[in-house]
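Reviewing the structure listed below.
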Amino acid sequence: HYLSHPVPTMRLLTHNTLRNNSAEADGKGFPLKITCTEIRVDNDGTGEGSTADDEAREVAFVKGILGILDWPTLVQGASQMGLKTLPPMLTEELAADPQFLRALYHVLMNVHLVRGMLTCPVTGREFPVTNGIVNFVLEEDECENVRY
Amino acid sequence: GTKFRHDVLPSVSPIATSQRHSNLPDIAAILSRCVLIRSVVELWGAGTTIESCADSVQKFAQYNNKDKDIADNDNNGDFSSSSNSGSRSSASILAPHRTNSRSWKITVHTLGSKYSREEQNDMRHQFAFLRFDGPVKMECPDDEFILIREVALDDKGGPIYPRHSHGRVLISENEARPPVAAYFGRILGSGRNWRSDLERYSLKKRLYLGPTSMDAELSLVMTNLARVTSKSLAFDPFVGTGSILLSCGLRGARCVGTDIDIRVLRGQGKEEDVFSNFRQYHLPRPELIRSDNSLYHRHYRPQPPLYDAIVTDPPYGIRAGARKSGSKRDEVRAVAEEHRHDHIAQTRPYAVSDVMADLLDVSARALTMGGRLVYVIPSMTDFDEDTDLPRHDCLKLVYTCYQPLSAELGRRMVTMEKVADYDETKREAYMANVWINGPESAEKCANIRDRIIEAAKQKPGYEEKAALRREKRRATREAKKKAKRELQGTGDSISHA
């Protein structure tokens, strides 16, 4: 997979951190709605090249970031990317289950948006995703100094 | 282990000795991570001259198990066998390497000086008493021994008392000086293995380069300072061609990069972009986002902090001019809705002082507690580390490492660590405290390009060289115009008829 031309992508882990923090959005500019034109899903790791070491690394990585995930955003984003199997809540039980964590790794890291749109749920401002790169560069008139 | 007194060594020495009985896997792990270690040597003896080093090795070679009691009570000379090595006798350390089945060689490493082959062999002969029975093999022997002859070095790593002058003439008073120290031992692991990896990672082999791609060694050192591991989420807000991010990827980290310039992110074509570099080394794809770091807070979640490491080479106006969003004009026109997606938003110059202030502020927000920011900044000789580096109340300065690039210009690698949570209500105060000397400090980083040009203008011969360059450019322009006219065949070049 890595040997063919790797189309650049946006992952759900990244989507989880994205916001529209303009004044108009008033702190509510997330989750950005995902409209998919082209998605790419990597092999979920059970195929060639994956070892027990790789799997352990994946589980360790997911454990490390569990604390920073916004779960509702992830569930919505995943659903908009065609993955509707995430549980509505992250329980302690699930967080301790290595099988679940590996599946979560797959959702966070192996499902990529290649082309599409991210839309602010409040203002409707659209951020295009082209060749896997999200374009957040703002127009001159949008560059007001607002912080959230 | 062995003891060697450090009081004879100068403060600047590239050689460190340690009382340690490390096993090989640990050493291999250290070497795989540390890019600046040339080799790790099992020390058999040391002295202030090669002769005394050889004596010291000879004493070491003579000890065996039944002499262990003597060894423990022995504290004369500059060598003693350490009880740290437990029950390992010197015989057991040496014997395996003297059998005739093992090939060997002795590398002579003379710091800061060049010696002829004959001279090096004379040095080797002082250790002939070791009598290795196996064959000498120059390429990849089973055992490589090393004799290091150390002299006093200046802070740039050159000899304070060079052996030869520029014309390769021997400087006899320097030649007469004794060395600072000599060491002999067996190489346990070499940065050489890493160096062959470095060849792989070297810029020459990269598929995609830009004018500011950082050399592999430097960016790998940065990942060590930033403590990037395979558990890290690493971020480069000025990712450019991705050379630093690639080094984070080589440490196993998950990587995110942003840049305002889509041309750099997109690359030269299908086979040449930031991703092709990651693919070349079979690494998972990094996330790339096109955004302006001065507006980081507009696009990313403020809590909780995301990144374990932020590693970057900010744009500072020498080769890659920094840009930020926003118009050069005072009055800004809105872009009509139907043009928004195609519109290439105008950017305006981004002062280096703001680049740095924004970088520190983004780091203070986005780093996890204890996470590290490592960046490089150029400076000239007027830069005072104690007062001119940018600061942030949430970040503590951990290290600075200065690398001279020329007599006037150098590059500083700065490491900061997050020590306090970011408090949004204190943002104004944070930004006001970035430059404790005010605009003056920022200017030292900000106008380096102009200052380098000014400095070049002061040098002799500048006018002549500048005139030559102007002439060359004019000639090239003329040649291009001529070629174009001939191609068009309009015949409107001046007629001589």
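Chains as they are written, first to last, in the working numbering: chain A, 1 to 148; chain B, 149 to 645. We put the beta carbon where it would ideally sit given N, CA and C, even for glycine.
Per-residue burial, residue i [other beta carbons within 10 Å of its own, 16 or more giving buried]
i, result
"T46/A", "Confidence is the limiting factor: at T46/A the pLDDT is only 46, short of 50, which leaves the residue's position unreliable and the question unanswerable from this model."
"M286/B", "exposed"
"Y331/B", "buried"
"E48/A", "Its pLDDT being 47, under 50, E48/A is placed unreliably by the model, and nothing is read from it."
"A631/B", "exposed"
"S264/B", "exposed"
"A627/B", "exposed"
"T91/A", "exposed"
"M517/B", "exposed"
"N585/B", "exposed"
"A96/A", "exposed"
"S187/B", "buried"
"A401/B", "buried"
"S4/A", "Summary for S4/A: the model assigns pLDDT 43, below 50, so the residue's position carries little reliability; its value from the coordinates is reported in the next sentence. With fewer than 16 other Cβ atoms within 10 Å, it is exposed."
"D220/B", "Confidence at D220/B is low in this model, with a pLDDT of 42, below 50, so its placement is unreliable and no value can be given for it."
"I133/A", "buried"
"R617/B", "exposed"
"D461/B", "buried"
"W342/B", "Bear in mind that a pLDDT of 47 at W342/B, under 50, signals an unreliable position, so the model cannot answer this."
"N248/B", "exposed"
"K207/B", "buried"
"A324/B", "exposed"
"N20/A", "buried"
"G637/B", "exposed"
"C288/B", "exposed"
"G260/B", "buried"
"D174/B", "exposed"
"E435/B", "buried"
"S320/B", "exposed"
"I601/B", "exposed"
"G649/B", "With chain B represented from 149 up to 645, any question about residue 649/B goes unanswered, as that position is not in the structure."
"T389/B", "buried"
"D530/B", "exposed"
"Y464/B", "buried"
"H445/B", "buried"
Strand pairing of residue i, partner residues [DSSP]
i, result
"Y110/B", "The requested residue 110/B does not occur in the structure, where chain B is confined to residues 149 to 645."
"M528/B", "L557/B"
"K33/A", "T119/A"
"G193/B", "F332/B"
"W252/B", "V284/B and D291/B"
"M504/B", "Answer is none; M504/B lacks a bridge partner."
"P462/B", "P462/B is not bridged to any residue."
"E298/B", "A329/B"
"G306/B", "According to DSSP, which records beta bridges pairwise, G306/B is partnered with nothing at all."
"R520/B", "A457/B and E565/B"
Heavy atom of the ligand ZN within 6 Å of residue i beta-carbon
i, result
"S180/B", "Among the ligands in the structure shown, none appear at all, so the ligand ZN cannot be discussed."
**Message:** Count Cβ pairs between the stretch 67–87 of chain A and the stretch 16–36 of chain A that sit closer than 8 Å; are there 3 or more?
**Reply:** The stretch 67–87 of chain A is in contact with the stretch 16–36 of chain A.
**Asked** So, do the stretch 613–632 of chain B and the stretch 545–563 of chain B have three or more beta carbon pairs nearer to each other than 8 Å?
**Response** Between the stretch 613–632 of chain B and the stretch 545–563 of chain B, the count of C-beta pairs closer than 8 Å stays below three; the two stretches do not touch.
**Interface residues of the stretch 51–77 of chain A facing chain B [CB-CB below 8 Å]** = Answer in chain order: R57, A60, F61, G64, I65, G67, I68 and D70.
**Asked** Do three or more CB pairs link the stretch 267–275 of chain B to the stretch 239–246 of chain B at distances below 8 Å?
**Response** Contact fails: fewer than three Cβ-Cβ distances are below 8 Å.
**Request:** Report the residues of the stretch 438–454 of chain B with a CB closer than 8 Å to any CB of chain A, ordered along the chain.
**Result:** Residues of the stretch 438–454 of chain B with a Cβ closer than 8 Å to any Cβ of chain A, in chain order: R438, S439, D440, L443, H445, R446, H447, Y448, R449, P450, P452, P453 and L454.
**Item:** Residues of the stretch 378–405 of chain B whose Cβ lies closer than 8 Å to any Cβ of chain A, in chain order
**Value:** The stretch 378–405 of chain B vs chain A, Cβ under 8 Å: S378, K379, L381, G400, R402 and V404.
**Request:** May I ask you to verify whether the stretch 278–285 of chain B touches the stretch 244–256 of chain B, counting CB pairs closer than 8 Å and requiring at least 3?
**Result:** Note that the stretch 278–285 of chain B touches the stretch 244–256 of chain B; at least 3 beta-carbon pairs, one per stretch, sit closer than 8 Å.
**Request:** Flag this pair as touching only if the stretch 513–523 of chain B and the stretch 442–455 of chain B have three or more C-beta atom pairs under 8 Å; answer yes or no.
**Result:** At 8 Å Cβ cutoff, the stretches touch.
**Item:** Residues from the stretch 559–587 of chain B in contact with chain A, defined by Cβ distance under 8 Å
**Value:** Result list: E572 and R575.
**Message:** Would you call the stretch 386–397 of chain B in contact with the stretch 547–557 of chain B, where contact means no fewer than 3 C-beta pairs closer than 8 Å?
**Reply:** Because the criterion of three Cβ pairs below 8 Å is not met, the stretch 386–397 of chain B and the stretch 547–557 of chain B do not touch.
**Residue ranges of each alpha helix (DSSP H) within the stretch 67–105 of chain A, 4 or longer** = Within the stretch 67–105 of chain A, the complete alpha helix (DSSP H) runs of at least 4 residues are 71–80 and 92–95.
**Request:** Please determine if the stretch 319–335 of chain B and the stretch 286–305 of chain B are in contact, where contact requires at least 3 C-beta pairs separated by less than 8 Å.
**Result:** These segments touch.
**Request:** Pull out every residue of the stretch 425–436 of chain B whose Cβ sits closer than 9 Å to any Cβ of chain A, in chain order.
**Result:** Of all residues in the stretch 425–436 of chain B, those with a C-beta nearer than 9 Å to a C-beta of chain A are F426, R427, H430, L431, P432, R433, P434, E435 and L436, reading in chain order.
**Request:** Any chance you could list the beta strand (DSSP E) runs of at least 3 consecutive residues sitting entirely within the stretch 368–448 of chain B, in chain order?
**Result:** The stretch 368–448 of chain B contains, as complete beta strand (DSSP E) runs of 3+ residues, the segments 381–384, 402–407 and 435–438 (chain order).
**Message:** Taking beta-carbon pairs under 8 Å, can you tell me which members of the stretch 116–141 of chain A lie near chain B?
**Reply:** Here the close residues are E126, P128, N131, G132, I133, V134, N135, F136, V137, L138, E139, E140 and D141.
**Message:** Between the stretch 363–370 of chain B and the stretch 495–505 of chain B, can you find at least three pairs of beta-carbon atoms closer than 8 Å?
**Reply:** Segment contact: the stretch 495–505 of chain B against the stretch 363–370 of chain B, fewer than three CB-CB distances shorter than 8 Å; contact not assigned.
**Against chain B: residues of the stretch 25–38 of chain A by CB proximity under 8 Å** = Going along the stretch 25–38 of chain A in chain order, one finds F30 with a Cβ nearer than 8 Å to chain B.
**Prompt:** Is it true that the stretch 520–535 of chain B meets the stretch 563–577 of chain B, where meeting means three or more beta-carbon pairs spaced less than 8 Å apart?
**Reply:** Result yes; three or more Cβ-Cβ pairs closer than 8 Å.
**Message:** To be precise: take each residue of the stretch 239–252 of chain B, compare its Cβ to all Cβ atoms of chain A, and keep it if any distance is under 7 Å. Which residues remain?
**Reply:** The residues in question: there are none.
**Request:** Please list the residues of the stretch 6–21 of chain A that have a C-beta atom closer than 9 Å to any C-beta atom in chain B, keeping them in chain order.
**Result:** Correct list: P6, V7, P8, T9, M10, R11, L13, T14, N16, T17, L18, R19, N20 and N21.
**Request:** Mind checking the stretch 253–280 of chain B against chain A and listing, in chain order, the residues whose C-beta falls within less than 9 Å of any C-beta there?
**Result:** Taking a C-beta cut-off of 9 Å against chain A, none of the residues of the stretch 253–280 of chain B qualify.
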